[in-house]
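Heads up: the structure comes next, in structure tokens.
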């Protein structure tokens, strides 16, 4: 999975790609141009779960990255699990498992079919990008812990300690080697498929005045907002680290070496971080896909030699796409804009006070959803259906 990859990146950057990455898949495989799942919201968690379970959030249960749990009256994270501990870090932030996903992934089905002889392992920079695809019965899932650590970690859902080969990878200084300059792979003047490098529509990094090439990641690494090794997530090198780790996984776990099918799920997440930071029309996105193409090529070449050219199957898809930055579209006189959630909430609370005398009939507003306090509705003798319809009609008046 390539996080936030739009289909048009295949065609837009086609002439910048080599023959062994995206082009190899398009020319030697099947190119499905109009496949999609019909659901909202299209975020990382629901996207990965939908791709690998083959169903939609209504059934697999991963309805967002975070959502309000109306049973326990609190916000929950799609991969969060307080019943497990982190492995490979002392941070409580990495207590993760797939327990909120309610259906099997095809990796689970392969484990069942092979009587658990086929291995399933998930890898990503993002925890949810590693955990959800690999399924409930996975042998392992590994994700990247940035901050001041820069290591791949897991949880006690899968194991009590990291395998030696993972510890060796973490101690190898491979990750640290990517704290270097990020400049365009080719001359920036040839990047004609993207917008101006200097513009007012990009985020950039703390410590650098403009969001323009080159970026000295080693110099920017220590700035507070860049959060240490997390800065690599926002560069193409985050994808390179995942490719490095995937190659080590195949070697160490002897994937593809026996008669039972193994499943390795790999999610390249830096494309999403970069897309959010710089926008889909940025030079940074173009360079990221040029570099990802190179990482895919070396990964496929490794598979050719390690597993055998006719002995493995690869699919590549996206968990969701992305739109142009609205301010950029507005500058071109294309209708676009932003929703102010805070203003919208104020307006909505005013409606509730005027209509029902209280805003307490609403228990929570989050994740584009409104949760009603049914006990309060009963106290006020309000009909649930009538209130739902009134709220829906009110929401439709907001712009």
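Residue numbers (this note's numbering): 55 to 453.
Using N, Cα and C, we set each Cβ at its ideal position, and we do this for glycine too.
The structure displayed is predicted, hence computed values, not measured ones.
query                                                                                                                                 : result
Three-state secondary structure (DSSP) of residue 243                                                                                 : helix
Cα-Cα separation between residue 253 and residue 385, rounded to whole angstroms                                                      : 11 Å
Test item: CB-CB of residue 290 and residue 345 under 8 Å                                                                             : yes
Three-state secondary structure assigned by DSSP to residue 339                                                                       : helix
Inter-stretch contact (C-beta, 8 Å, three-pair minimum) for the stretch 184–197 and the stretch 162–175                               : yes
Sequence-distant residues of its chain with Cβ nearer than 6 Å to residue 261 (five each side left out)                               : 274 and 277
Given residue 350 as reference, the closest of 60, 359 and 77 once Cα atoms are compared                                              : 77
Segment contact, 8 Å Cβ cut-off, at least three pairs: the stretch 175–188 with the stretch 318–334                                   : yes
Residue of 68, 61 and 303 minimising C-alpha distance to residue 86                                                                   : 61
Minimum C-alpha distance to residue 420 - residue among 67, 207 and 396                                                               : 396
Residue 404 beta carbon less than 8 Å from that of residue 415                                                                        : no
Assigned exposure category for residue 167 - 16 Cβ within 10 Å defines buried                                                         : exposed
Complete beta strand (DSSP E) runs within the stretch 205–235 (minimum length 3 residues, chain order)                                : 205–209
Residue 397 (DSSP reduced to helix, strand or coil)                                                                                   : helix
Residue 296, enclosing alpha helix (DSSP H) - first and last residue                                                                  : 291–306
Classification of residue 450 by the beta-carbon crowding that lies within 10 angstroms, buried from 16 upward                        : exposed
Sequence-distant residues of its chain with Cβ nearer than 6 Å to residue 406 (five each side left out)                               : 413
Distance, residue 221 Cα to residue 343 Cα                                                                                            : 29 Å
Euclidean distance between Cα positions of residue 380 and residue 97                                                                 : 18 Å
Helix, strand or coil at residue 62 according to DSSP, with G and I counted as helix                                                  : helix
Test item: CB-CB of residue 298 and residue 201 under 8 Å                                                                             : no
Which residues DSSP lists as bridging residue 319, in chain order                                                                     : 176
Given 8 Å, three or more beta-carbon pairs between the stretch 119–137 and the stretch 147–167                                        : yes
Neighbourhood of residue 237 by C-beta distance below 8 Å, restricted to the same chain and skipping five residues each side          : 267, 268 and 269
Pair within 8 Å by beta-carbon distance, residue 370 and residue 79                                                                   : yes
Beta-carbon separation (whole angstroms), residue 418 vs residue 232, contact threshold 8 Å                                           : About 40 Å separates the two Cβ atoms, so there is no contact after all.
Exposure of residue 387, with buried meaning 16 or more beta-carbon neighbours within 10 Å                                            : exposed
Residue 102 to residue 186 span [Cα, whole Å]                                                                                         : 6 Å
Whole-angstrom C-beta distance between residue 292 and residue 324, which should lie under 8 Å                                        : 3 Å
Run of the beta strand (DSSP E) containing residue 425, from where it starts to where it stops                                        : 423–426
Reduced DSSP category for residue 419 - H, G, I as helix; E, B as strand; rest coil                                                   : strand
Beta carbon of residue 389 nearer than 8 Å to that of residue 306                                                                     : no
Residue 399 burial status per 10 Å Cβ neighbour count (16 or more: buried)                                                            : exposed
Contacts around residue 92, its chain only, beta-carbon distance under 8 Å, and the 5 residues preceding and following it disregarded : 110
Proximal residues to residue 184 (C-beta, below 8 Å), its chain only, five neighbours per side dropped                                : 176, 177, 178, 195, 196, 197, 319 and 321
Inside the stretch 62–89 only - alpha helix (DSSP H) runs reaching at least 4 residues                                                : 62–66 and 76–82
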